[in-house]
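Worksheet: the structure to be examined is printed underneath.
Numbering (the UniProt record's numbering), first residue to last: 1 to 219.
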């Protein structure tokens, strides 16, 4: 796999030319890693020492409670970056484990190289800060959902967010309903029941992972 070509497709790195990325690759501090499905990528409590970019596949940040219930806080797909909020923190230990959902390829950039990229291109620095800010905002929303929102509120908010991302009222769920239930912090059976109720009430229709919303985000 061509690391330079793969990184060039990721929004954060599009401010660099292929020649510049090739130069950084030769300098060291950039490695291509491969992980198999269900492989543990990082343990909860491990120190974060790199910025990782998913080139293909998917991983998830997850925790397991005493009853063995898995909560997926975030699913990471090709083009996503993780480690940005931890790499330069005084508290740089993973709060959750990172697990490979599908066979994945990841480019791992060491801290020193990330600092070099930040000084080389202002656009890269701004992009990295934007990722950190977005993660902080998403964390705040997740805490609010877990503490205050009902399943219906959480589900509709998530679907409206997908509508904004995918640009229409008909969206494809990027994960299974079991994974979505884990992410929202509710049981799979409860999520299925809520989907059915919303369809009966005419608020949405669904077929597999395809969902069509019939209400606006202001409803």
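We put the beta carbon where it would ideally sit given N, CA and C, even for glycine.
All values derive from a computational prediction rather than experimental measurement.
Can you tell me whether residue i is buried or exposed, with buried defined as 16 or more other CB within 10 angstroms of its CB?
| i | result |
| --- | --- |
| residue 172 | exposed |
| residue 182 | buried |
| residue 127 | buried |
| residue 33 | exposed |
| residue 154 | buried |
| residue 11 | exposed |
| residue 84 | buried |
| residue 136 | exposed |
| residue 72 | buried |
Which of helix, strand or coil does DSSP assign to residue i?
| i | result |
| --- | --- |
| residue 121 | coil |
| residue 219 | Confidence is the limiting factor: at residue 219 the pLDDT is only 48, short of 50, which leaves the residue's position unreliable and the question unanswerable from this model. |
| residue 103 | strand |
| residue 93 | strand |
| residue 48 | coil |
| residue 37 | coil |
CB-CB under 6 angstroms to residue i, same chain, minus the five flanking residues each way: which ones, in chain order?
| i | result |
| --- | --- |
| residue 74 | 61 |
| residue 219 | Caution applies to residue 219, whose pLDDT of 48 falls short of 50 and renders its modelled position unreliable; the model cannot decide the point. |
| residue 21 | 4, 7 |
| residue 174 | none |
| residue 39 | 100 |
| residue 121 | 15 |
Report all residues from its chain with a CB closer than 7 angstroms to the CB of residue i; omit the five preceding and five following residues, and keep chain order.
| i | result |
| --- | --- |
| residue 80 | 54 |
| residue 186 | 151 |
Can you find the residues in the same chain that come closer than 8 angstroms, C-beta to C-beta, to residue i, ignoring five residues on each side of it along the sequence?
| i | result |
| --- | --- |
| residue 87 | 48, 49, 50, 51, 111, 114 |
| residue 178 | 188 |
Pop quiz: residue i and residue j are said to be a contact at Cβ under 8 angstroms. What is the actual Cβ separation, rounded to whole angstroms?
| i | j | result |
| --- | --- | --- |
| residue 103 | residue 36 | 6 angstroms |
| residue 152 | residue 194 | 6 angstroms |
| residue 109 | residue 29 | 6 angstroms |
| residue 197 | residue 215 | Incorrect: roughly 14 angstroms between the Cβ atoms, too far for contact. |
Notebook entry, point to check: Is the stretch 156–170 touching the stretch 197–211 in the sense that three or more CB pairs, one from each, lie closer than 8 angstroms?
Noted result: Contact holds: three or more Cβ-Cβ distances are below 8 angstroms.
Checklist line | Touch test, the stretch 90–107 against the stretch 158–167, Cβ-Cβ under 8 angstroms, three pairs minimum | finding: Touching, no, given that fewer than three Cβ pairs across the two stretches are closer than 8 angstroms.
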